[in-house]
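Visitor: Encoded as structure tokens, here's the structure I'll be asking about.
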Amino acid sequence: MKAKDSGLCAVKGVRAFGIKPGKMGLAIIVAEGNAAGVFTRNKVIAAPLIVTREALGKNGRLAAVIANSGNANAFTGEQGLADAREMASILSERLGVDSDLIAVASTGVIGRKLDIDWIRDNVDEVMNGLVASPQGNSHAARAIMTTDTFPKMTAIELDCGVCIGGIAKGSGMIEPNMGTMLGFVYTDAALPSDVLDECLKEAVDRSFNMVVVDGDTSTNDMVLLTATGATGISPDINEFKEGLEHVLVDLAKQIAKDGEGATRLIEAQVTGAVSEEDARLVAKAIVRSPLVKSAIFGKDPNWGRVVAAAGYSGAELEQDRLSLAFSNGVDTVYLVNEGKILSEDKEHLQKLEAIMGSSEVIIMVGLSLGNANAKAWGCDLTYDYVRINAEYTT
Numbered sequence: 154m155k156a157k158d159s160g161l162c163a164v165k166g167v168r169a170f171g172i173k174p175g176k177m178g179l180a181i182i183v184a185e186g187n188a189a190g191v192f193t194r195n196k197v198i199a200a201p202l203i204v205t206r207e208a209l210g211k212n213g214r215l216a217a218v219i220a221n222s223g224n225a226n227a228f229t230g231e232q233g234l235a236d237a238r239e240m241a242s243i244l245s246e247r248l249g250v251d252s253d254l255i256a257v258a259s260t261g262v263i264g265r266k267l268d269i270d271w272i273r274d275n276v277d278e279v280m281n282g283l284v285a286s287p288q289g290n291s292h293a294a295r296a297i298m299t300t301d302t303f304p305k306m307t308a309i310e311l312d313c314g315v316c317i318g319g320i321a322k323g324s325g326m327i328e329p330n331m332g333t334m335l336g337f338v339y340t341d342a343a344l345p346s347d348v349l350d351e352c353l354k355e356a357v358d359r360s361f362n363m364v365v366v367d368g369d370t371s372t373n374d375m376v377l378l379t380a381t382g383a384t385g386i387s388p389d390i391n392e393f394k395e396g397l398e399h400v401l402v403d404l405a406k407q408i409a410k411d412g413e414g415a416t417r418l419i420e421a422q423v424t425g426a427v428s429e430e431d432a433r434l435v436a437k438a439i440v441r442s443p444l445v446k447s448a449i450f451g452k453d454p455n456w457g458r459v460v461a462a463a464g465y466s467g468a469e470l471e472q473d474r475l476s477l478a479f480s481n482g483v484d485t486v487y488l489v490n491e492g493k494i495l496s497e498d499k500e501h502l503q504k505l506e507a508i509m510g511s512s513e514v515i516i517m518v519g520l521s522l523g524n525a526n527a528k529a530w531g532c533d534l535t536y537d538y539v540r541i542n543a544e545y546t547t
């Protein structure tokens, strides 16, 4: 596979655009095809997710997505559902398609009535800007940002000629437990919706579901995958799964890197677990731990916190078989080997200091109990995280 420019607009049959003049933003993506989605497991589920899930259940297809930022339209009762359906209706009228082919997404403050008039007043500007170009992709990605500091986008082309591309947003309230805050992914492969559903769920489990910024599962988490079929190519399913996972992991890592107030990306690599589920438990416990996250922020190699997190993760673990190392992708410092603490000479400590000051810190844990592995991504916990969330609605 090779990287492509344009994000989701690298995919044949996709047009996009968005605006964000202030706190409110509006994005539209137009591309018809078979589709699948995954949604939050939070029992407080936002109105747009209810509407979109119903639409996918009826058709297994989508023609477009309309997404707003600045207001989550969550915990808004019957009025919220009516507003979400109105968003779908506004776009369906302009496209001349059934409203059940429109996906609706929202992100922002929970518990506030959506300004549907603002969306109605601005939809034509977005519609008039729709293009199949890097500009369209970039504008759409920026329009769905809230506390994000940069737009998240990626695209690849598989060896068979099929493209997969997407955009996402997410910075805080991130432990998806399904997907990210919002993710819209497209491919020009010719694939049925049931295959897309299988591929998406598998890829989400190894990507967005392995990201923790703050341990909070949003009311609005949603990832959609649409196949335009514009190439007419039905790729080898394993090649497609590999490409889709690559795209979703890329977006997931961008979200972790952009965690609210974050200064460092944390990657937890767990090997030798008795099962993949155990490996996932350990990896997520490490990147979720406030103590580990705080130590990374302070450049403090307090590896005992990692061991403690692994121990309470719920995974099978024997402390005299556990190994631990820190790395930045260039240098690696081994701290524990099968339960034995390794000596710390001057060179060892200098390398460790350099690793802790890197923009990416990789925590490598070996359990030596089996053959299962997993990776998870998170970020450090900073003073700015508290400030950003203390001032979120003010």
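Each number in the numbering used here corresponds to the 1-based position in the sequence shown with 153 added.
Just so it is clear, CB atoms sit at the ideal spot from N, CA and C, and this is done for glycine as well.
All values reported here derive from a predicted model rather than from experimental measurement.
At the level of alpha carbons, what is the spacing between Ile203 and Leu234?
Guide: In the sequence shown, the residue the question calls residue 203 occupies position 50. In the sequence shown, the residue the question calls residue 234 occupies position 81. Rounded to the nearest angstrom, the two C-alpha atoms are 8 Å apart.
Visitor: Provide the residue(s) that pair with Ile182 in DSSP beta bridges, ordered along the chain.
Guide: Residue 182 sits at position 29 when you count from the first residue of the sequence shown. DSSP lists Ala169 and Val218 as partners of Ile182.
Visitor: From the beta carbon of Gly171, is the nearest beta carbon of chain B less than 8 Å away?
Guide: Of the protein chains in the structure, only one exists, and it is not chain B.
Visitor: Out of Asp453, Tyr465, Gly318 and Phe337, state which residue places its alpha-carbon closest to the alpha-carbon of Lys504.
Guide: Taking the sequence shown and counting its residues from 1, the one referred to as residue 504 is at position 351. Selected option, being the one with the closest Cα: Asp453.
Visitor: Would you call the CB atoms of Ala216 and Leu377 closer than 8 Å?
Guide: The residue labelled residue 216 in the question sits at position 63 within the sequence shown. The residue labelled residue 377 in the question sits at position 224 within the sequence shown. It is not a contact, given that the beta carbons lie outside the stated cut-off.
Visitor: Select from Asp537, Gln232 and Ala529 the residue whose C-alpha is nearest the C-alpha of Ala432.
Guide: Locating residue 432 in the sequence shown gives position 279, where the first residue counts as 1. Measuring from the Cα of Ala432, the nearest candidate turns out to be Ala529.
Visitor: Threshold first: 4 residues or longer. Then list the alpha helix (DSSP H) segments lying entirely within the region 427 to 476, N to C.
Guide: Here the runs fully enclosed are 429 to 441, 443 to 450 and 457 to 465.
Visitor: Counting only runs that start and end within the region 216 to 301, where is the alpha helix (DSSP H) found for 4 or more residues in a row?
Guide: With a minimum length of 4 residues, the continuous alpha helix (DSSP H) runs that stay inside the region 216 to 301 are 230 to 248, 269 to 282 and 287 to 296.
Visitor: Less than 8 Å between the C-beta atoms of Thr193 and Asp374, yes or no?
Guide: Working through the sequence shown from its first residue, we reach residue 193 at position 40. Working through the sequence shown from its first residue, we reach residue 374 at position 221. Yes, the pair counts as a contact, with Cβ atoms nearer than the cut-off.
Visitor: Report buried or exposed for Asp411, applying the criterion of at least 16 other Cβ atoms within 10 angstroms of its Cβ.
Guide: Walking along the sequence shown from the start, residue 411 turns up at place 258. Counting Cβ neighbours within 10 Å, Asp411 comes out buried, since at least 16 surround it.
Visitor: By DSSP's criteria, Gly319 is part of a beta bridge. Which residues make up the other side?
Guide: As a working note, residue 319 is residue 166 in the sequence shown. Answer by DSSP bridge pairing, in chain order: Thr307 and Val338.
Visitor: So for Cys313, helix, strand or coil by DSSP?
Guide: If you number the sequence shown from 1, residue 313 lands on position 160. Three-state result, Cys313: coil.
Visitor: Closer than 8 Å by C-beta to Val348: which residues in its own chain qualify, once you throw out the five before and the five after it? Chain order, please.
Guide: Reading the sequence shown from its first residue, position 195 is the one you call residue 348. Cβ neighbours of Val348 beyond the five flanking positions: Ile390.
Visitor: Looking at the secondary structure, which residues open and close the alpha helix (DSSP H) in which Leu378 lies?
Guide: In the sequence shown, counting from the first residue as 1, residue 378 sits at position 225. Leu378 -> not in any alpha helix (DSSP H); beta strand (DSSP E) instead, spanning Met375 to Ala380.
Visitor: Use the C-beta contact count for Leu339: other C-beta atoms within 10 angstroms, 16 or more gives buried, fewer gives exposed.
Guide: Numbered from 1 along the sequence shown, position 186 holds the residue referred to as residue 339. Sequence inspection shows Tyr at residue 339; the Leu mentioned does not correspond to that position. Counting Cβ neighbours within 10 Å, Tyr339 comes out buried, since at least 16 surround it.
Visitor: Starting from Val401 and walking both ways along the alpha helix (DSSP H), at which residues does that stretch end?
Guide: On the sequence shown, residue 401 is found 248 positions in, with the first residue counted as 1. With the sequence shown as reference, residue 401 is identified as Leu, and Val is not the correct amino acid for it. Looking at the DSSP string, the run of the alpha helix (DSSP H) that includes Leu401 is Ile390 to Lys410.
Visitor: Can you tell me the Cα-Cα spacing of Lys354 and Lys196, whole angstroms?
Guide: Residue numbering aside, residue 354 sits at position 201 when the sequence shown is read from its first letter. Residue numbering aside, residue 196 sits at position 43 when the sequence shown is read from its first letter. Between Lys354 and Lys196, the C-alpha separation is close to 19 Å.
Visitor: Put Met517 into one of helix, strand or coil per three-state DSSP.
Guide: For the purposes of this step, residue 517 is taken as the residue at position 364 of the sequence shown. Correct three-state label for Met517: strand.
Visitor: Starting from Leu488, trace the beta strand (DSSP E) in both directions and tell me its first and last residue.
Guide: Counting from one through the sequence shown, the residue named residue 488 turns up at place 335. Thr485 to Asn490 is the span of the beta strand (DSSP E), which, as asked, contains Leu488.
Visitor: So, with DSSP's three-state summary, where would you put Leu418?
Guide: Within the sequence shown, residue 418 is the residue found at index 265, counting from 1. Correct three-state label for Leu418: strand.
Visitor: Using 10 angstroms around the beta-carbon of Leu311, count the other beta-carbons present and answer buried if the total reaches 16, otherwise exposed.
Guide: For the purposes of this step, residue 311 is taken as residue 158 along the sequence shown, with counting starting at 1. With 16 or more other Cβ atoms within 10 Å, it is buried.
Visitor: Would you tell me roughly how many angstroms separate the C-alpha atoms of Gly318 and Lys155, rounded to the nearest one?
Guide: Numbered from its first residue, the sequence shown carries residue 318 at position 165. Numbered from its first residue, the sequence shown carries residue 155 at position 2. Cα to Cα, Gly318 sits roughly 12 Å from Lys155.
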